[in-house]
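See below for the structure under consideration.
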Amino acid sequence: MMATNGKEAGGLTDGVLSVSSNGSSVDVANSVVVNGAGTGGAPSHSKVQNGGTVAAQRFTFSPEPTIEDIRRLQAEFTDERNWNQFHQPRNLLMAMVGEVGEVAELFQWRGEVAEGLPDWTESEREHLAHELSDVLIYLVELAEKCRVDLPQAVLRKMALNRLKYPASKVHGSAKKYTEYKD
Ligand SMILES: [Mg+2]
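Residues 62 to 243, numbered by this note's numbering, are exactly what the sequence shown covers, in order.
Given below as structure tokens:
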């Protein structure tokens, strides 16, 4: 609801980015099934029986838009409204945190929620999709205004995470990295 200047941050859902509005559907062609028990066509939160092992089907995103696409679309949206005067890094950070709060509101008082949100209505899922998108849009614009090349930065950070949490040491454990230091 709340967005910069009292208006919606995005405006990206009305056709321009319809490719991303596949909701909770599964990209069957690219779906990955743990243990190789591929059936295809099942919802992402369904379970697949495979020789006594129940494996969750892996949910995947659409390949587009890219993060750069999102940066460009939001830059166009902001330019068209002469809103760059308001979109300094600190303001964008505040806006993003506000949107994170809006995501949290949707989960508030529900107790634990199962993966795939099986008990949520379509309307609730769409509301969540909107608020997560607001967070992403502000995150991407914040990175742009801070001159952080986010797609490359995330690769560098994930490489660091792999070093910090070697799979052989932390498999199945939630311990903090400091507890693994020799
Ligand atoms: Mg919002």
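For glycine and all other residues, C-beta sits at the position ideal for the given N, C-alpha and C.
Note that this is a predicted model, so its numbers are computed, not measured.
Mark residue i as exposed unless 16 or more other C-beta atoms lie within 10 angstroms of its C-beta, in which case mark it buried.
{"i": "G172", "result": "exposed"}
{"i": "Q149", "result": "exposed"}
{"i": "G97", "result": "Only weak support is given to the placement of G97: the predicted model assigns it a pLDDT of 33, under 50, and the value that follows is read from those uncertain coordinates. Result: exposed."}
{"i": "A214", "result": "exposed"}
{"i": "S234", "result": "exposed"}
{"i": "G76", "result": "The predicted position of G76 is uncertain, since its pLDDT is 35 and thus under 50; a value taken from the coordinates is nonetheless stated next. Counting Cβ neighbours within 10 Å, G76 comes out exposed, since fewer than 16 surround it."}
{"i": "S123", "result": "exposed"}
{"i": "S184", "result": "exposed"}
{"i": "R132", "result": "buried"}
{"i": "S194", "result": "buried"}
{"i": "G113", "result": "No answer about G113 holds up, because its pLDDT of 45 lies below 50 and its placement is not dependable."}
{"i": "L224", "result": "exposed"}
{"i": "N239", "result": "A quick correction: the sequence has Thr, not Asn, at residue 239. The residue in question, T239, is exposed, as its Cβ has fewer than 16 Cβ neighbours within 10 Å."}
Hey, quick one: how far does the alpha helix (DSSP H) through residue i stretch, first residue to last?
{"i": "H188", "result": "E183 to K206"}
Any Cβ of chain B within less than 9 Å of the Cβ of residue i?
{"i": "E166", "result": "Note that chain B does not occur in the displayed structure, where there is just one protein chain."}
- Message: Could you check whether the region 173-182 touches the region 193-213, counting it as contact only if at least three pairs of C-beta atoms, one from each stretch, sit closer than 8 Å?
- Response: Touching, no, given that fewer than three Cβ pairs across the two stretches are closer than 8 Å.
- Message: Under 8 Å, with one C-beta from each stretch per pair, do the region 201-209 and the region 137-156 reach the 3-pair mark?
- Response: For the pair of segments examined, the region 201-209 was found to touch the region 137-156: the number of CB pairs separated by less than 8 Å reaches three.
- Query: Whole alpha helix (DSSP H) runs in the region 124-192 with 4 or more residues, listed along the chain?
  - Reply: 128-141 and 150-168
- Message: For the region 125-137 against the region 204-223, do three or more pairs of beta-carbon atoms, one drawn from each stretch, fall closer than 8 Å, so that the two count as touching?
- Response: yes
- Message: To test your reading of the DSSP string, which unbroken beta strand (DSSP E) runs of 3 or more residues are found completely within the region 211-238?
- Response: none
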